[in-house]
Amino acid sequence: MLGLDAYKIAIEKAAVQDEIARLRARWTSLRNQTARIARPASGIINGVPPEPIAAWPPEIAPQIMVSRTAVWIPLQTHLVELGNRLSRLQAEPIPSAGEVDPKANVELNQLESQLGERDATMTALVGQVESDRSESMALEARIKALAGC
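According to the working numbering, the sequence shown is numbered sequentially starting from 74.
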């Protein structure tokens, strides 16, 4: 009878050890997955022990922390701050160049006018250069023809 009890205890002990190993492996896997999720936000995991613990939650509540101006803050706080900033930015009207500085709008119109004038001058000059080039080529052909006689 004692032999059967020892055998039963040994089987139970092996089953418990297998379950402990399975839980530790699952814990490590979940901890690593959480770290991978936090990494793109430059976050770290705080308060999750490397090994499973008997009492939950631990004294330090588990959370993802992100660095903000050399201070680590909870990811939740950072997300709230970002949401508030986004709301402020969306509520703020975006002024046009003319609204910001009417003088800038007048200057822009003047510069556009000057650009148009310079473009017209450049087009005329390019036309003149092409005309002079073709006239030069015609003169060279005549000179060669006369020199050949």
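Here a beta-carbon is modelled for each residue, glycine too, at the ideal position from N, C-alpha and C.
As the structure is a computational prediction, the values presented were derived from the model and not from experiment.
In terms of alpha-carbon separation, which member of the options lies closest to residue i?
i	options	result
Gly120	Arg99, Ala111 and Ile133	Ile133
Leu152	Ala114, Ile167 and Ser186	Ala114
Ala143	Gly116, Ala111 and Tyr80	Gly116
Terminal residues of the continuous alpha helix (DSSP H) containing residue i?
i	result
Val199	Pro175 to Gly221
Reducing DSSP to helix, strand and coil, say where residue i ends up.
i	result
Pro223	With the chain covering 74 to 222 only, the question about residue 223 has no answer from this structure.
Val89	helix
Ile167	coil
Ile84	helix
Trp129	coil
Trp100	helix
Val153	helix
Is the CB-CB distance between residue i and residue j below 8 Å?
i	j	result
Ile118	Ala128	no
Pro130	Leu96	no
Leu148	Gln136	yes
On the DSSP letters alone, give me the boundaries of the beta strand (DSSP E) that residue i sits inside.
i	result
Ser140	Gln136 to Arg141
Val121	From DSSP, Val121 is part of no beta strand (DSSP E); its letter is neither H nor E.
Excluding the five sequence neighbours on either side, which residues of its own chain have a C-beta within less than 6 Å of the C-beta of residue i, listed in chain order?
i	result
Glu185	none
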